[in-house]
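Chemist: According to UniProt numbering, the sequence shown is numbered sequentially starting from 1.
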Amino acid sequence: PLIFDFLCSLYVIRICSDNQAALRAVSSPRTRSALVQECGDALESLARRKEVELVWVPGHRGIPGNERADQLARLGSRGPGQGPEPILGITRGSINGALNKWAYQTLGLDWRRNRGCRQAHSFIHGPSKSKTRWLLSLSRRALNQMVGVLTGHCRLRRHLSLIGIEEDPLCPKCGEGEDTPVHLLGQCAAFGRIRHKVFGAEELQGVEVRDLPWTKILAFIRASGRFEEGQRQRVVR
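(1) Report buried or exposed for T106, applying the criterion of at least 16 other Cβ atoms within 10 angstroms of its Cβ.
(2) On the criterion of 16 or more Cβ atoms from any shown chain inside 10 Å, does V182 qualify as buried, or is it exposed?
(3) Give me the Cβ distance between Q205 and G186, rounded to the nearest whole Å; I'm assuming they're in contact under 8 Å.
(4) Express the C-alpha separation of V147 and R140 in angstroms, rounding to a whole number.
(5) Report yes if the CB atom of D18 is closer than 8 Å to the CB atom of G59, and no otherwise.
(6) Assign V57 to one of three DSSP states: helix, strand, or coil.
(7) Can you give me the Cβ contacts of V209 inside the same chain, cut-off strictly under 7 Å, excluding the 5 residues immediately before and after it?
(8) With DSSP as the reference, label R232 as helix, strand or coil.
(9) Tell me, which residues are paired with V209 by DSSP?
(10) Going by C-alpha to C-alpha distance, which of L43, S33, L35 sits closest to R14?
(11) In this structure, what does DSSP give as the bridge partners for V12?
(12) Closest to G152 by CA distance: which of I124, K173, L135, G175 is it?
(13) Mind pulling the alpha helix (DSSP H) runs of 4 or more residues that sit fully within the segment 73 to 144?
(14) With distances taken between CB atoms, is the gap from P127 to G97 smaller than 8 Å?
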């Protein structure tokens, strides 16, 4: 091609672009894009004859060549697609982002519509990427304890009575309420001092308990030792 012959007549070839992603793509030894591979092959062919430099320049700063390139790019985007078929005018990242957003919203809607899992709904108001990452960063024991508190499926007497392991669902520490995560975290008088130290109050109402930060819930569980008691009892038996 004439443009190729012209470039080869130059002493040094400098290709300037404001697209850092494109520069990284053509400089990478691996690619899954046929178009990027074609550009890379062309650059390698040029580099066999002349010195080739890829230069990044800031966009929209009035650089004449770059402004002209933007104009040509806009003009080209209005015409028929160029490149390997089938042509899809949207990036893989955009597709993945749209799918993730749809899945996240659908999951949240399904969770809010679900009438079961009352205990879990008390603590989990909807999907949360940050809380998911935090849970997955925990040790196996800590994760087991947190999931037990959030779902109610743990070694507290209320749950154990429901599955036939215990007869009495009342709290063994104070005897003033059913032994549930909400009671343990908010009302059990035996842990008032620990509760004040961790949460700043000796007693919490149900609504307050459900809005507690999960990191503090885990700190309280560890300080109370209630779940460790369950582990020791299981070993003894």
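In this text, a Cβ means the ideal position worked out from N, Cα and C, and glycines have one as well.
Given the structure is predicted, the values throughout are model-derived calculations rather than measurements.
Modeler: Let me spell this out:
(1) For the purposes of this step, residue 106 is identified with residue 106 of the sequence shown, where counting begins at 1. With fewer than 16 Cβ atoms within 10 Å of its Cβ, T106 is classed as exposed.
(2) Translated into positions along the sequence shown, residue 182 becomes position 182. Per the 10 Å Cβ criterion, buried.
(3) Position 205 of the sequence shown, counted from the start, is the residue given in the question as residue 205. Position 186 of the sequence shown, counted from the start, is the residue given in the question as residue 186. Indeed, because the Cβ distance is near 7 Å, the residues count as touching under 8 Å.
(4) Here residue 140 is taken as the residue at index 140 of the sequence shown, counted from 1. Here residue 147 is taken as the residue at index 147 of the sequence shown, counted from 1. The alpha-carbon atoms of R140 and V147 are separated by roughly 10 Å.
(5) Counting from 1 along the sequence shown, the entry for residue 18 is found at position 18. Counting from 1 along the sequence shown, the entry for residue 59 is found at position 59. Contact: yes.
(6) Mapped onto the sequence shown, residue 57 falls at position 57. Note: V57 maps to coil in three-state DSSP.
(7) Taking the sequence shown and counting its residues from 1, the one referred to as residue 209 is at position 209. The residues are V182, L185, G186.
(8) For the purposes of this step, residue 232 is taken as the residue at position 232 of the sequence shown. Residue confidence is low: R232 scores 45 on pLDDT, short of 50, so the model does not pin down where it sits. Its coordinate-derived value is still stated next. Helix at R232.
(9) In the sequence shown, residue 209 corresponds to position 209, counting from 1. In the DSSP output, where bridge partners are listed per residue, V209 has none listed.
(10) Here the question's residue 14 lines up with position 14 in the sequence shown. Here the closest residue by C-alpha is L43.
(11) In the sequence shown, counting from the first residue as 1, residue 12 sits at position 12. DSSP, once it has assigned bridges, lists E51 as partnering V12.
(12) The sequence position of residue 152 within the sequence shown is 152, counting from 1. Taking only the C-alpha atoms, the option nearest G152 is I124.
(13) 92 to 113, 118 to 123, 129 to 136
(14) Counting from 1 along the sequence shown, the entry for residue 127 is found at position 127. Counting from 1 along the sequence shown, the entry for residue 97 is found at position 97. Result no, Cβ atoms of P127 and G97 do not sit closer than 8 Å.
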